[in-house]
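**Q** Structure provided below as structure tokens; questions to follow.
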Amino acid sequence: AASISFEAVGKAFAKPGGGTVHALEDVSLRVEPGSITGIIGRSGAGKSTLLRMVNGLERPTSGRVLLGAHDVGTARGRALRDIRRDVGMIFQHFNLLASRTVAGNIAMPLEIAGVAKSEITARVAELVERVGLSQQANRYPAELSGGQKQRVGIARALATKPKVLLSDEATSALDPETTQTVLSLLKDINRDLGLTVLLITHEMAVVRDIASHVAVIDGGRIVEHGPTHDVFIAPKHATTRSFLSGVTGVKLPAFVKSRLQNTPSEGGEEVIRVTFFGQHATDPMLAKLTGELGIEVNILAGAVEEIGSHPFGNLLVSLPAARGEEARRYLQDHNLNTEVLGYVG
Ligand code: ADP
Numbered sequence: 100a101a102s103i104s105f106e107a108v109g110k111a112f113a114k115p116g117g118g119t120v121h122a123l124e125d126v127s128l129r130v131e132p133g134s135i136t137g138i139i140g141r142s143g144a145g146k147s148t149l150l151r152m153v154n155g156l157e158r159p160t161s162g163r164v165l166l167g168a169h170d171v172g173t174a175r176g177r178a179l180r181d182i183r184r185d186v187g188m189i190f191q192h193f194n195l196l197a198s199r200t201v202a203g204n205i206a207m208p209l210e211i212a213g214v215a216k217s218e219i220t221a222r223v224a225e226l227v228e229r230v231g232l233s234q235q236a237n238r239y240p241a242e243l244s245g246g247q248k249q250r251v252g253i254a255r256a257l258a259t260k261p262k263v264l265l266s267d268e269a270t271s272a273l274d275p276e277t278t279q280t281v282l283s284l285l286k287d288i289n290r291d292l293g294l295t296v297l298l299i300t301h302e303m304a305v306v307r308d309i310a311s312h313v314a315v316i317d318g319g320r321i322v323e324h325g326p327t328h329d330v331f332i333a334p335k336h337a338t339t340r341s342f343l344s345g346v347t348g349v350k351l352p353a354f355v356k357s358r359l360q361n362t363p364s365e366g367g368e369e370v371i372r373v374t375f376f377g378q379h380a381t382d383p384m385l386a387k388l389t390g391e392l393g394i395e396v397n398i399l400a401g402a403v404e405e406i407g408s409h410p411f412g413n414l415l416v417s418l419p420a421a422r423g424e425e426a427r428r429y430l431q432d433h434n435l436n437t438e439v440l441g442y443v444g
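This is the structure:
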């Protein structure tokens, strides 16, 4: 396993119409060897740019990117090829060659590296076994399910025995059940081979299910970074809280949903989602809201999960729309995230 260090990394792109986009600004992040680190952020936040720096597909405009002791940003020629052998990558849409079989796809990086034929055959047999595709080795991608295609992608990424595995939204195109099998395969690989895994995602659920550490990126900057457990129970940044609010699914009762409007009406109620993160018992908080501010709160629905022994989840509540802003400010001041879902008359 190797560490990955970003040291004050900046990346500017020239905009096609003139001007510059600052895709990354002053990013400092150390990815511990052997960890599974999730990078989470919205579309355009800079996730792919960050990931692509690890194998030298992008070079920093300022700062340094280190893979172990090697400076990736300045590597050229042979040094860059060596780094790329140490870094495997898997993709959202698998990027398999349709004209090659499973075995043929997995063999590609080995052929490029000039490995002897007999050795390739042995290595491919080992890899298809590891990802559970021994029976499918001679099939073509078109004959495989999405999950099987991603297994081929993973085997191919492991072919050159890399120290680091990069994952670019590798489960985003898969259904929930297949996502779970692919994530547990990645976990097994991380554990058995001691690979450092850096994965980008826009889903906190993926982070929860697999990552030991998480970094939240927003507008090209890392706004929060730490062990997943710590970030889940005590998120510090609004962006983190907003990502966490989507983890636990909770639905409005149909009788409320059907009456939901976009604008408040005189004397009506506001419906909000309150997300809590383990450090607070929410019911007492809502009782305090009533006690201290005299705002009557109605709990409509709730869903709670645990991380470690800490609860986190969502409550859907309604309260008088006229007091809505005040109530939300109070809850946010107590580190609960709130989001207005609509209004009922
Ligand atoms: P994410 O992966 O989080 O969606 P990206 O890293 O792809 O974000 O992009 C970050 C920002 O950099 C975006 O504003 C994007 O438009 C810009 N960007 C990325 N690659 C290029 C490029 N090759 N040329 C110009 N702008 C780019």
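Each residue of the sequence shown is one higher than the last, beginning at 100 in the numbering used here.
The C-beta atom is built at its ideal place from N, Cα and C for all residues, glycine as well.
1) Report all residues from its chain with a CB closer than 7 Å to the CB of residue 113; omit the five preceding and five following residues, and keep chain order.
2) What are the boundary residues of the beta strand (DSSP E) that residue 410 is part of?
3) Taking all protein chains shown into account, decide if residue 244 is buried (16 or more other Cβ within 10 angstroms of its Cβ) or exposed.
4) Look up residue 267 in the DSSP assignment and give the residues it is bridged to.
5) Excluding the 5 residues preceding and the 5 following residue 394 in the sequence, name in chain order all residues of the same chain whose CB lies nearer than 6 Å to its CB.
6) Per DSSP, residue 397 forms a beta bridge with which residues?
7) Shorter than 7 Å, the distance from the beta carbon of residue 143 to the closest heavy atom of the ligand ADP, or not?
8) Can we count residue 146 as close to the ligand ADP, meaning its CB is less than 7 Å from some heavy atom?
9) Would you say the beta carbon of residue 190 is closer than 7 Å to some non-hydrogen atom of the ligand ADP?
10) Taking Cβ to Cβ, would you say residue 184 is nearer than 8 Å to residue 259?
11) Three-state secondary structure (DSSP) at residue 349?
12) For residue 115 and residue 232, I'd like the C-alpha separation in whole angstroms.
13) Cα-Cα, which of 310, 208, 247 is closest to residue 298?
**A** Inspection of the coordinates gives the following:
1) 119
2) 409 to 419
3) exposed
4) 190, 299
5) 388, 418, 422, 426
6) 417
7) yes
8) yes
9) no
10) yes
11) coil
12) 44 Å
13) 310
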